[in-house]
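Residue numbers for the sequence shown follow my numbering, beginning at 214 and rising by one.
Just so it is clear, CB atoms sit at the ideal spot from N, CA and C, and this is done for glycine as well.
The next block holds one structure in the form of structure tokens; read it before the comments.
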Amino acid sequence: MNLKSILLASALLLAACGAMQAQKTQIIAHRGYWSTDGSAQNSIAALVKADSINCYGSEFDVWLTTDNVLVVNHDETFKGVTMQNATSKVCTAVELENGEQLPTLQQYLDKAKNLKTRLILELKAHKTPEQETRAVEGIVKMIKDMGLEKRTEYITFSKHALKEFIRLAPKGTPVYYLTGDASPAELKEWGCAGPDYHFSVFRKNPEWIKECHKLGMKVNAWTVNEAQDMEWLIAQGTDFITTNEPVVLEEILKKK
Numbered sequence: 214m215n216l217k218s219i220l221l222a223s224a225l226l227l228a229a230c231g232a233m234q235a236q237k238t239q240i241i242a243h244r245g246y247w248s249t250d251g252s253a254q255n256s257i258a259a260l261v262k263a264d265s266i267n268c269y270g271s272e273f274d275v276w277l278t279t280d281n282v283l284v285v286n287h288d289e290t291f292k293g294v295t296m297q298n299a300t301s302k303v304c305t306a307v308e309l310e311n312g313e314q315l316p317t318l319q320q321y322l323d324k325a326k327n328l329k330t331r332l333i334l335e336l337k338a339h340k341t342p343e344q345e346t347r348a349v350e351g352i353v354k355m356i357k358d359m360g361l362e363k364r365t366e367y368i369t370f371s372k373h374a375l376k377e378f379i380r381l382a383p384k385g386t387p388v389y390y391l392t393g394d395a396s397p398a399e400l401k402e403w404g405c406a407g408p409d410y411h412f413s414v415f416r417k418n419p420e421w422i423k424e425c426h427k428l429g430m431k432v433n434a435w436t437v438n439e440a441q442d443m444e445w446l447i448a449q450g451t452d453f454i455t456t457n458e459p460v461v462l463e464e465i466l467k468k469k
């Protein structure tokens, strides 16, 4: 084998290794890494802890209050406060399980700015399209103003909010759909980066994972907490797994 052939073979090997690395399943901490001491779902501590264990991303949920402030919380009603029907003062007075106050999106991003993990921002479905549009406008502007556009991905159950993120976020920003009722071809037509579906949807439609990849989209599955489900999704070539047990998933991936 001459030098030219050796160099060509080496280049192909490196490219193949790079492709394999790119295809490795990535970990997204669901509502941050909260299943550990001192943490709580959607808390700033959970975001920091997800970053500390090198998760690809940390998922969190956003609501718009009656005074048009964006706050971070999962449940529509939490400790007696309905997020979209309350003011920001009422919402942020709520105490999380770890003693933190429920954060505004601004507070959450202030901390995120000095971390490395990607921000997987879920806008919750609101009562009206107008609320969702205001929320998307506020989110996209805040992310831009804070210089976090390249680290942020958007997910939502709402088709209206989905299309608003695609319309208003910079071109190429990953936007994923959560509901599970659209085929890969439909998602591609809408301009989605891909599906972010409950893992049971992929169990019923395993061919969708390959279809998405053929269409140039990526695939995320939620919320995957059992090792056997993680193993199956990894074997199927799922790009991202969202989990409440990021350390468990990390240990499985290390063995691959």
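{"query": "In this structure, does DSSP put threonine 369 in helix, strand or coil?", "result": "strand"}
{"query": "Using DSSP with H/G/I as helix, E/B as strand and the rest coil, what is glycine 312?", "result": "coil"}
{"query": "Okay, do the segment 335-352 and the segment 367-376 touch, 3+ Cβ pairs below 8 Å being the bar?", "result": "yes"}
{"query": "Among all the DSSP beta bridges, which residues are the ones paired with leucine 336?", "result": "Val275, Thr369"}
{"query": "When you compare only the Cα positions, how much space is there between leucine 400 and cysteine 425?", "result": "9 Å"}
{"query": "Looking at the C-beta of alanine 253, does it have a partner C-beta in chain D at a distance below 8 Å?", "result": "Note that chain D does not occur in the displayed structure, where there is just one protein chain."}
{"query": "State yes or no: is the C-beta of threonine 330 within less than 8 Å of the C-beta of aspartate 264?", "result": "yes"}
{"query": "Just the Cα atoms here: how many angstroms apart are glutamine 234 and lysine 326?", "result": "The predicted model places glutamine 234 with a pLDDT of 38, which falls under 50 and marks its position as unreliable; any figure quoted below should be read in that light. Using only the alpha carbons, I get a separation of about 26 Å."}
{"query": "Measuring only the C-alpha atoms, how far is proline 342 from alanine 374?", "result": "8 Å"}
{"query": "Just to confirm the assignment, what range does the alpha helix (DSSP H) spanning tyrosine 269 have?", "result": "Per DSSP, tyrosine 269 belongs to no alpha helix (DSSP H) and is neither H nor E."}
{"query": "Using 10 angstroms around the beta-carbon of asparagine 212, count the other beta-carbons present and answer buried if the total reaches 16, otherwise exposed.", "result": "Nothing can be reported for residue 212: it is not among the residues displayed for the chain, which extend from 214 to 469."}
{"query": "What's the gap between the Cα of glutamine 314 and the Cα of alanine 242?", "result": "20 Å"}
{"query": "Opposite proline 408 in the DSSP bridges: which residues?", "result": "Tyr390"}
{"query": "Could you check whether the Cβ of glutamate 399 sits closer than 7 Å to any heavy atom belonging to the ligand FAD?", "result": "You won't find the ligand FAD in this model; it holds no ligand whatsoever."}
{"query": "Could you give the DSSP three-state label for valine 284: helix, strand or coil?", "result": "strand"}
{"query": "Can you list, in chain order, the residues of its chain with a C-beta nearer than 8 Å to that of alanine 257? Leave out the 5 residues immediately preceding and following it.", "result": "Contrary to the premise, residue 257 reads as isoleucine rather than alanine in this sequence. The residues are Glu313, Pro316, Gln320, Tyr321, Lys324."}
{"query": "Excluding sequence positions up to five away, which residues of its chain have a Cβ less than 6 Å from the Cβ of proline 383?", "result": "Glu362"}
{"query": "Between which residues of its own chain and aspartate 442 is the CB-CB distance below 7 Å, once the five residues before and five after are set aside?", "result": "Phe412"}
{"query": "Identify the continuous alpha helix (DSSP H) that holds glutamine 441 and give its terminal residues.", "result": "440-448"}
{"query": "Helix, strand or coil, according to DSSP, for asparagine 298 in the structure here?", "result": "helix"}
{"query": "For my contact list, asparagine 433 and threonine 456 are in at a C-beta cut-off of 8 Å; report their separation, rounded to the angstrom.", "result": "The pair is not a contact, with the Cβ atoms about 11 Å apart (cut-off 8 Å)."}
{"query": "What is the DSSP secondary structure of arginine 244, counted as helix, strand or coil?", "result": "coil"}
{"query": "Assuming threonine 279 contacts alanine 306 (C-beta within less than 8 Å), just tell me the rounded distance between them.", "result": "The Cβ separation is near 14 Å, so there is no contact."}
{"query": "Report the three-state DSSP secondary structure of threonine 346 (helix, strand or coil).", "result": "helix"}
{"query": "Which residue wins for smallest C-alpha separation from leucine 277, given the options Tyr269, Met296, Gly429?", "result": "Met296"}
{"query": "If distances are taken between C-alpha atoms only, which option among Lys372, Arg380, Gly404 comes closest to aspartate 394?", "result": "Lys372"}
{"query": "Over what stretch of residues does the beta strand (DSSP E) that includes alanine 382 continue unbroken?", "result": "Careful: alanine 382 lies outside any beta strand (DSSP E) and carries neither H nor E."}
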